[in-house]
Structures are given as structure tokens and as C-alpha cells.
Amino acid sequence: MKLDKYKLIEELETEIRSQIDQVKTCFENASETELQSPSASGGWSIVQCLDHLNSYGLYYLPQISDALKKAERSETSIYHSGWLGDYFTKIMSPETGTKKFKAFKDHQPKGMLDSKRVISEFLRQEELLLVYLGDAKHIDMASVKVPVSISRWIGIRLGDTFRFLLAHNKRHLLQALRILNIEF
Numbered sequence: 529m530k531l532d533k534y535k536l537i538e539e540l541e542t543e544i545r546s547q548i549d550q551v552k553t554c555f556e557n558a559s560e561t562e563l564q565s566p567s568a569s570g571g572w573s574i575v576q577c578l579d580h581l582n583s584y585g586l587y588y589l590p591q592i593s594d595a596l597k598k599a600e601r602s603e604t605s606i607y608h609s610g611w612l613g614d615y616f617t618k619i620m621s622p623e624t625g626t627k628k629f630k631a632f633k634d635h636q637p638k639g640m641l642d643s644k645r646v647i648s649e650f651l652r653q654e655e656l657l658l659v660y661l662g663d664a665k666h667i668d669m670a671s672v673k674v675p676v677s678i679s680r681w682i683g684i685r686l687g688d689t690f691r692f693l694l695a696h697n698k699r700h701l702l703q704a705l706r707i708l709n710i711e712f
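Each step along the sequence shown adds one to the number in the numbering used here, with nothing skipped, and position 76 is 604.
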């Protein structure tokens, strides 16, 4: 799929800012009980959803940083999404992916969590993503691949990594918001 690189980056930056706003507005001042209580359906709590996202950030952010260092400088305005990255993004997106997935063992939240630390880490990672997207404006995001977390031998293009990661974040933020009966 062919996309306008600058429009894509702008859309991703807007999504990150929206996610930051959601977390600050809905979760930063929520009670510990609200943050730690499992969903009514028996699923993860709000803080567990955020911890799950943090675990992916801890994997992908260093990978993105490395990819940015290796990528070719380019002022081209076109980004070509790869078929695999586009597929992963679509199955993870709350708008197009309806299938539920079981989290891999390494990305399952563990026990009682420090809510403030988890929220702070999520916001730190989102701010770092904004920095990385700013850096991506001057490179060819299709020229380097990022290994996916399920297999280091499979890589997707850097631009698709951003798209996938934000779709995954959006999916679980919506899950967390449903616990508070909030529609965003």
C-alpha cells in the first residue's frame, strides 16, 4: 500500500497525542481500586492493560531506535507499506481486527502492579514515540525492517512498526476505557 509519508506521520502523531490525553484524563486521577480491579468480564484491569502495552514498548522502542539509526536519509513523500506489516496492523486495529488474541507469556501482566509507575512508564514511552516519529520525517521508513516480537527472524518495515504498535495501543486502551464505561 502506498501512503503519503508526511500525512501518515501526522496521523500517527495525532493518535499518540490522543492516547496520551486518554491516559491523563481517564487514568492518572482514577482511584487505585478503579485501576487495579479486573474487568467485569474477568479480563485484565486498567493497570494490567497498560503494563501489557509497556512490555511491548520495552521491546519495540529500542528496535525502532536502531532502525532509525540504520535508515537512509530521504525526503521522499511516499511510504510503501509492506504486505506483512499491513496485515499485522489490520488484525490488531480495533476498527478492522475483531479476533481476540491470547497475550504471549512475556507480555502478560504479573500480579499487583504499581499503578503510578505503570502509567508514568506508558506516558514516557508515548513521548519517546513522538520523538521517533519526528526523526522518521527525514528517513525512508521502508528501507529498514524491525524484527517483530514473536520472532526476531521476521521483520516489518519501520513505518508499519509504528502503525502496528499504535493500533495495538489503541486496542488495549479501548479495553481499559470499557472498564470505566467510557467511550472515546
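Heads up, the beta-carbon is just placed ideally off N, CA and C, and yes, glycines get one too.
Residues Ser643 of the same chain have their beta carbon placed closer than 8 Å to that of glutamate 560, with the five preceding and five following residues left out of the count. Within the segment 532-617, the beta strand (DSSP E) runs of at least 3 residues that lie entirely inside it are, in chain order, 606-608.
Of the residues Thr604, Val575 and Asp549, the one whose Cα lies closest to the Cα of lysine 530 is Thr604. Isoleucine 606 and tyrosine 660 have their C-alpha atoms roughly 18 Å apart. With a cut-off of 8 Å on Cβ pairs, the segment 586-605 is in contact with the segment 655-675, counting three or more such pairs. In the structure shown, glycine 639 adopts coil according to DSSP, grouped into three states. For valine 674, the beta-bridge partners assigned by DSSP are Ile684. Going by beta carbons, proline 622 and aspartate 579 fall outside the 7 Å limit. Here alanine 704 is not near isoleucine 548, since their CB atoms are 7 Å or more apart.
The three-state reading of DSSP puts serine 621 in coil, since its state is none of H, G, I, E or B.
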